[in-house]
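For the protein sequence lines, the chains are A and B, in the order given.
Sequential numbering from 2 applies to the first sequence in our numbering.
Sequential numbering from 2 applies to the second sequence in our numbering.
Every residue, glycine too, gets a C-beta built ideally from N, C-alpha and C.
There are 2 protein chains.
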Amino acid sequence: MQITRPTLLLDERIAKRNISRMANKAKLTNTIFRPHFKTHFSSEIGEWYREQGVNCCTVSSMEMASYFSKAGWENITIAFPFNRHELPEILELSSKSTINLVIEDQDTLDYLIQNSTERLNYFLKIDVGTGRTGLNANSDLEHLIVQHDKINFIGFLGHAGHAYRSRNNSTIKEVYRDTFQILKELKAKYQRYNPIISYGDTPTCSVIDRFDDIDEIRPGNFIFYDWMQYNITSCSFDDIAVCMAVPIVAKHKDRNEIVIHGGAVHFSKDYIEIDSKKTFGKLVALTNDGWEEYSQDCHLERLSQEHGILKVSDNELFDKLKVGDIVGIIPIHSCLAANLMGSYLTLTGNRILQMPKNTYL
Amino acid sequence: MQITRPTLLLDERIAKRNISRMANKAKLTNTIFRPHFKTHFSSEIGEWYREQGVNCCTVSSMEMASYFSKAGWENITIAFPFNRHELPEILELSSKSTINLVIEDQDTLDYLIQNSTERLNYFLKIDVGTGRTGLNANSDLEHLIVQHDKINFIGFLGHAGHAYRSRNNSTIKEVYRDTFQILKELKAKYQRYNPIISYGDTPTCSVIDRFDDIDEIRPGNFIFYDWMQYNITSCSFDDIAVCMAVPIVAKHKDRNEIVIHGGAVHFSKDYIEIDSKKTFGKLVALTNDGWEEYSQDCHLERLSQEHGILKVSDNELFDKLKVGDIVGIIPIHSCLAANLMGSYLTLTGNRILQMPKNTYL
């Protein structure tokens, strides 16, 4: 395949293996596998999940819910605090697909009780330690539980976002243990409502062996992984399924820097710090059947709108890389890179499209 | 107008005033005004420039060049180091529009000499102190100057990206003085080739009064400005032409945090530091005819993919803001937010579309 400008490569074989591994782990404990689709945004990739027996999914916006409902997904959780302004659209959608909302305050619940005209399920969002959204598990939640025709409590939903602060398997497992404990106690405390516990984040779902007593998992990023997940220790290098192919457009010997066409409009500006240095992506070599690591470590050090700056401290590698070469960058955050790129090029040369974005009028 | 989810508002009146002010300043000194279109990405907004007599533009990618050529722009500079893989497309485009490239190395120039079949103009990119791309102005540039039918040197191009490190008018003016000096000396040294000097960045072009002896300017961001430019002191609050309208979806009294639907997929993840704290955007109130500052200062403190977290230290403001309210966020970097949103909603209710993105293949 002829690549001329920034292109998001997808190794279909790795992505399908990642899906299959997670699906099989969920099957071990009869855990519902409700993958988050905010990583790939693609109905075609959604089919790869269906091939593994998956029949429900998670999304993070109304637009995504509409898109995947049209693509035949009949049970969708919108894992984002419910936005009352979108109720008319949600009601319309609920005539086609079962929609599960996420709620975390009385006022919003009251709004739904008064205004819902179709059966809408909801989870209560629990803050399991991340400190982003969610209710305190120790507070009284009884008044937030309603089960009737138009609005129906189905369980507790947690997302251990703080697992992203880990840099080794044992702290990830600790996060899982603590989170599981919180959700398990809630399930016991409110058992008369028969709640399920829904749990999700790629680091913990990747690292633990079994989901005993977890009713449902919702990881998303694991289908592709990325350089952040690698550094969290959620995955090995060989599990990473996406890589941005980019042309080298300039070299600066005086400061050992190489400029690529690949910037914030391709990668977004998420970064991680490795040895106190910001890193926006990892340089790899493109090969006939994918990509591989160079023996020397090299990272994207700065990004502007279209430019990326590679710091190539190793002189041998610096000399080897030429203006006009196409190299690979493992993105820091594959969800954001995928969202920006809008499509994928598989290693067998197929273009896979995503949902149209921001079509809201 | 009814806003239900993240929507990029555009105050057309302010944007047109920003264009008119810059166009008039350029006219004072007969300086060519070649605005950068990588901020707005829209042929409809391009017409606002034409109304001010502008007939040439700057872009940062091949796709943008194609789009604006189709929209009738007959003289386009691609202000990004030339990517040889795109030569076939550039040659095709050059039959419709005059294309000016940017080059900074012998190898790429040789490639063009051997392979160009249409007349392509080029600038030599000069590093005026930013340290991103460009040639050292003190090095010998003679061997990089070619003027013939197929490849034709037209001048020196500089971009004072380091002006973005300024936080007051006087350092911005210093950057301008130094940059101007570098470009002026180059023009004198190579006068036998009759080069023009092309200069551009929003901070300096906004702050200085006159462009004496500058042949051409290429600012882009100034049409919208943003919270970064405000902090650089490039603009006043009233010059900012875009604002993201977002719904409040959760409140957390225990930590004085408010959660909005507005994250990295709407703003990107550019930030600035104010008093050593990361800031991803500034909270404003939406009004009947636009937006205005709250008396209390409040910023977006964290962003994840769809969530934004506002730190609302002031209790009065915290209590005033309710779940379900639509508030405004002045983006840190309007170019990146615009790119992600794909369209604008004007204050008079018109939807303005951008170029389709990443349609490659």
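Residue from A:143, A:56, A:177 with nearest C-alpha to residue 131 of chain A: The residue labelled residue 131 of chain A in the question sits at position 130 within the first sequence. If we check each option's Cα against that of residue 131 of chain A, A:177 comes out closest.
Length of the line joining the Cα atoms of residue 123 of chain A and residue 249 of chain B: Stepping through the first sequence from its first residue, residue 123 of chain A is reached at position 122. Stepping through the second sequence from its first residue, residue 249 of chain B is reached at position 248. Approximately 19 Å between the Cα atoms of the pair.
Neighbouring residues, chain A, relative to residue 229 of chain B (Cβ below 7 Å): Locating residue 229 of chain B in the second sequence gives position 228, counting from the first residue. Chain A residues near residue 229 of chain B: none, gap ~12 Å exceeds 7 Å.
Burial state of residue 350 of chain B (16 or more Cβ within 10 Å): Counting from 1 along the second sequence, the entry for residue 350 of chain B is found at position 349. By the neighbour-count rule (16 or more Cβ atoms within 10 Å), residue 350 of chain B is not buried but exposed.
Bridge-paired residues (DSSP) for residue 291 of chain B: Counting from 1 along the second sequence, the entry for residue 291 of chain B is found at position 290. Paired residue(s): B:288.
Own chain, CB closer than 8 Å to residue 316 of chain B, minus 5 neighbours either side, in chain order: As a first step, residue 316 of chain B must be located in the second sequence, where it is residue number 315. Closer than 8 Å at Cβ, skipping near neighbours: 257.
Straight-line Cα distance separating residue 105 of chain B from residue 324 of chain A: Sequence index remark: in the first sequence, residue 324 of chain A carries index 323 (1-based). Sequence index remark: in the second sequence, residue 105 of chain B carries index 104 (1-based). For residue 324 of chain A and residue 105 of chain B, the distance between alpha carbons rounds to 11 Å.
N-terminal and C-terminal residue of the alpha helix (DSSP H) that residue 173 of chain B is part of: The residue you call residue 173 of chain B lines up with position 172 of the second sequence. If you look at residue 173 of chain B, you'll find it in the alpha helix (DSSP H) that goes 170-190.
Boundaries (first-last residue) of the alpha helix (DSSP H) holding residue 89 of chain A: The count along the first sequence starts at 1 and reaches residue 89 of chain A at position 88. From DSSP, the alpha helix (DSSP H) with residue 89 of chain A extends over 88-94.
Per-residue DSSP class, three states only, for residue 64 of chain A: Locating residue 64 of chain A in the first sequence gives position 63, where the first residue counts as 1. The answer is helix: DSSP assigns residue 64 of chain A an H, G or I state.
Beta carbon proximity, residue 124 of chain A to chain B, threshold 8 Å: Within the first sequence, the letter at position 123 stands for residue 124 of chain A. Not closer than 8 Å to any Cβ of chain B, the Cβ of residue 124 of chain A fails to qualify, so no.
8 Å Cβ cutoff, residue 362 of chain A in contact with chain B: Your numbering for residue 362 of chain A matches position 361 in the first sequence. Caution is warranted here: a pLDDT of 42 is assigned to residue 362 of chain A, below 50, making its placement in the model unreliable, and the coordinate value is therefore given only provisionally. The Cβ of residue 362 of chain A sits closer than 8 Å to at least one Cβ of chain B.
Residue-level contact to chain B via CB, residue 119 of chain A, 8 Å cutoff: Here residue 119 of chain A is taken as the residue at index 118 of the first sequence, counted from 1. No, no contact with chain B.
Reduced DSSP secondary structure (H/G/I, E/B, other) of residue 159 of chain A: Locating residue 159 of chain A in the first sequence gives position 158, counting from the first residue. In the structure shown, residue 159 of chain A sits in a strand (DSSP, three-state: E or B).
Residue 15 of chain B, buried or exposed, once every other Cβ within 10 Å from all chains shown has been counted against 16: The sequence position of residue 15 of chain B within the second sequence is 14, counting from 1. Residue 15 of chain B comes out buried.
Backbone CA spacing between residue 259 of chain A and residue 4 of chain B [nearest angstrom]: By 1-based counting over the first sequence, the position of residue 259 of chain A is 258. By 1-based counting over the second sequence, the position of residue 4 of chain B is 3. Cα to Cα, residue 259 of chain A sits roughly 44 Å from residue 4 of chain B.
Three-state secondary structure assigned by DSSP to residue 245 of chain B: Locating residue 245 of chain B in the second sequence gives position 244, where the first residue counts as 1. It is a strand residue.
Where residue 62 of chain A meets chain B, residues with beta-carbon distance less than 7 Å: As a first step, residue 62 of chain A is located in the first sequence; it is residue number 61 there, counting from the start. By Cβ distance, chain B contributes 307.
Continuous beta strand (DSSP E) assignments of at least 3 residues falling wholly in the region 192-246 of chain B: 197-200
Alpha-carbon to alpha-carbon, residue 64 of chain A and residue 266 of chain A: In the first sequence, counting from the first residue as 1, residue 266 of chain A sits at position 265. In the first sequence, counting from the first residue as 1, residue 64 of chain A sits at position 63. If I take the Cα positions, the gap works out to 21 Å.
Selection of the region 261-283 of chain B by Cβ proximity to chain A, strictly under 7 Å: 262, 265, 266, 269, 270, 271
Residue of B:201, B:276, B:213, B:335 minimising C-alpha distance to residue 219 of chain B: By one-based count along the second sequence, residue 219 of chain B stands at place 218. With distances taken between Cα atoms, residue 219 of chain B lies closest to B:201.
Under 9 Å by beta carbon: chain A residues contacting residue 116 of chain B: As a first step, residue 116 of chain B must be located in the second sequence, where it is residue number 115. Correct list: empty, because the minimum Cβ distance to chain A is about 12 Å.
Alpha-carbon spacing of residue 367 of chain A relative to residue 197 of chain B, whole angstroms: Within the shown structure, residues of chain A are numbered from 2 to 362, placing residue 367 of chain A beyond reach of any answer.
Integer-rounded CB distance, given that residue 208 of chain A should sit under 8 Å from residue 254 of chain A: Residue numbering aside, residue 254 of chain A sits at position 253 when the first sequence is read from its first letter. Residue numbering aside, residue 208 of chain A sits at position 207 when the first sequence is read from its first letter. That belief does not hold up - the Cβ atoms of residue 254 of chain A and residue 208 of chain A are roughly 42 Å apart, past 8 Å.
Contact under 8 Å by Cβ, residue 102 of chain B with residue 66 of chain B: Residue mapping note: residue 102 of chain B aligns to position 101 of the second sequence, counting from 1. Residue mapping note: residue 66 of chain B aligns to position 65 of the second sequence, counting from 1. No, the pair does not count as a contact, with Cβ atoms beyond the cut-off.
Beta strand (DSSP E) runs contained entirely in the region 97-152 of chain B, provided each spans 3 or more residues: 99-104, 121-128
As assigned by DSSP and simplified to three states, the class of residue 42 of chain A: Taking the first sequence and counting its residues from 1, the one referred to as residue 42 of chain A is at position 41. Coil at residue 42 of chain A, not helix or strand.
Under 9 Å by beta carbon: chain A residues contacting residue 82 of chain B: Here the question's residue 82 of chain B lines up with position 81 in the second sequence. Within 9 Å Cβ-Cβ: 250, 251, 260, 262, 308, 324.
Residues near residue 314 of chain B in its chain [Cβ-Cβ closer than 7 Å; skip 5 each side]: The residue labelled residue 314 of chain B in the question sits at position 313 within the second sequence. Hits under 7 Å: 257.
Per-residue burial, residue 87 of chain B [other beta carbons within 10 Å of its own, 16 or more giving buried]: For the purposes of this step, residue 87 of chain B is taken as residue 86 along the second sequence, with counting starting at 1. Flag for residue 87 of chain B reads buried.
Min CB distance residue 105 of chain B to chain A below 8 Å: Mapped onto the second sequence, residue 105 of chain B falls at position 104. It does; some Cβ of chain A falls within 8 Å.
Rounded separation between residue 21 of chain B and residue 11 of chain B - CA only: As a first step, residue 21 of chain B must be located in the second sequence, where it is residue number 20. As a first step, residue 11 of chain B must be located in the second sequence, where it is residue number 10. Cα to Cα, the separation comes out at about 16 Å.
Residue interval of the beta strand (DSSP E) (run including residue 328 of chain B): Within the second sequence, the letter at position 327 stands for residue 328 of chain B. If you look at residue 328 of chain B, you'll find it in the beta strand (DSSP E) that goes 327-332.
Under 8 Å between C-beta atoms of residue 119 of chain A and residue 92 of chain A: Numbered from 1 along the first sequence, position 118 holds the residue referred to as residue 119 of chain A. Numbered from 1 along the first sequence, position 91 holds the residue referred to as residue 92 of chain A. Between residue 119 of chain A and residue 92 of chain A, the gap from beta carbon to beta carbon is short of 8 Å.
Per-residue burial, residue 282 of chain A [other beta carbons within 10 Å of its own, 16 or more giving buried]: Start at 1 with the first residue of the first sequence, and residue 282 of chain A comes out as number 281. By the neighbour-count rule (16 or more Cβ atoms within 10 Å), residue 282 of chain A is buried.
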